[in-house]
Amino acid sequence: MIRRKMRISQITATFRERFMTGKRHSYMTRPLLTLLLVPWIAGILLGEPGPALGTSPSPSWPLWDHFRHHFLQSDGRVIDRTDKDRSTSEGEAYTLYFSLVSGDRETFQKVLEWTRNNLAGGDLDRHLPAWIWGKRPDGSWGILDVNPASDADCWMAYSLIEAGRIWKNPGYASQGRHLLSMIEKNETAFLPGYGWALLPGPWGFRLPDGTVRLNPSYLPPEILLDFDAVSPRSPWKQIL
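Laid out in structure tokens, this is it:
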């Protein structure tokens with residue numbers, strides 16, 4: 011229990027730091043994220059029980075219900091109301107994580123299915139999800155940029171692996187490991203004189219002159235520690 015609470019505390023701190031600074035591609039407004047996280051953080055600091063990871067949906071977390079009501083469609087699509095009603099892989103990934111924290115298996119499955127069908131060509135075992143989906147210039151709806159976002163991919167893989175462990179669902183665990191393998195193959199790079207690094211995405215970050223563009227805000231260190239436990243022969247600990 012202590013280890014689990016420490017992990018929740020670390021991950022919550024990362025969410026707070028990244029979203030309060032207005033991270034690029036964020037699907038949540040800062041006030042909304044504050045609304046979701048402040049009671050949870052306060053509960054941890056005061057020793058009060060917050061939403062228990064992996065349990066049934068908790069009636070004591072009404073802000074999760076508020077978020078679902080305003081930003082989540084019934085089919086699992088998370089809508090960014092601040093940007094032409096677009097959807098992002100980051101929005102889907104963070105909602106997977108909060109679904110896991112709240113024990114909301116139904117929402118978790120719906121978000122996963124929408125992500126698979128609309129951002130990954132129907133197969134998350136073979137494709138990393140595209141980072142943005144929305145209305146095209148011709149009026150149709152679909153993927154606007156096929157490039158994945160590694161922070162979303164990491165949170166998605168982590169949530170699936172943890173869901174498999176906590177809910178005893180081998181399918182989730184297997185899919186999370188497949189995603190993890192694709193992240194390692196497509197979104198990591200060894201930089202001479204530096205070491206291993208997590209790229210923001212597969213394309214556009216290895217420049218013609220041989221340099222690599224990095225973005226530290228895409229790096230979730232507490233998740234990489236868990237990835238190292240799942241796949242110790244991979245470079246996750248070296249990236250840290």
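So for the sequence shown, this note's numbering puts the first residue at 11; every next one is plus one.
Here a beta-carbon is modelled for each residue, glycine too, at the ideal position from N, C-alpha and C.
Given the structure is predicted, the values throughout are model-derived calculations rather than measurements.
In DSSP terms, what residue i is bridged to
i           : result
residue 5   : There is simply no residue 5 to check, as the chain begins at 11 and stops at 250 in what is shown.
residue 105 : None, per the DSSP bridge assignment.
residue 208 : 198
residue 97  : 143
residue 88  : 82
residue 216 : 222
Other residues of its chain near residue i: CB distance less than 7 Å, five sequence neighbours each side excluded
i           : result
residue 58  : Because the pLDDT of residue 58 is 41, which lies under 50, any placement of that residue in the model is unreliable, and the number read from its coordinates should be weighed accordingly. Here the set comprises nothing.
residue 182 : 170, 173 and 174
residue 148 : none
residue 156 : 140
residue 94  : 144 and 145
8 Å Cβ cutoff met for residue i and residue j
i           : j           : result
residue 241 : residue 197 : no
residue 98  : residue 90  : yes
residue 167 : residue 141 : no
residue 106 : residue 121 : yes
residue 225 : residue 202 : no
residue 78  : residue 125 : no
residue 96  : residue 152 : no
residue 134 : residue 83  : no
residue 249 : residue 190 : no
residue 206 : residue 215 : no
Cβ neighbour criterion (16 or more within 10 Å) applied to residue i
i           : result
residue 136 : exposed
residue 239 : exposed
residue 213 : exposed
residue 228 : buried
residue 230 : buried
residue 108 : buried
residue 180 : exposed
residue 219 : exposed
residue 72  : exposed
residue 112 : buried
Residue i Cβ short of 7 Å to the ligand ATP heavy atom set
i           : result
residue 119 : As presented, the structure is devoid of all ligands, the ligand ATP included, so that no description of it is given.
Residues of its chain near residue i, where Cβ-Cβ distance is below 6 Å and the 5 sequence neighbours each way are ignored
i           : result
residue 193 : 163
residue 246 : 234, 237 and 238
residue 103 : 162, 165 and 166
residue 154 : 142 and 144
residue 244 : 194
residue 115 : none
residue 188 : 135
residue 123 : 86
Beta-carbon contacts of residue i that lie in its chain and below 8 Å, excluding the five residues immediately before and after
i           : result
residue 217 : 223
residue 131 : 137
residue 158 : 99, 138, 139, 140, 141, 196, 197, 211 and 212
Beta carbon proximity, residue i to chain B, threshold 8 Å
i           : result
residue 224 : Included in the structure is just one protein chain, with no chain B present.
| query | Fully enclosed by the stretch 161 to 194, which beta strand (DSSP E) runs are 3 residues long or longer? | reply | Runs of the beta strand (DSSP E) inside the stretch 161 to 194: none found.
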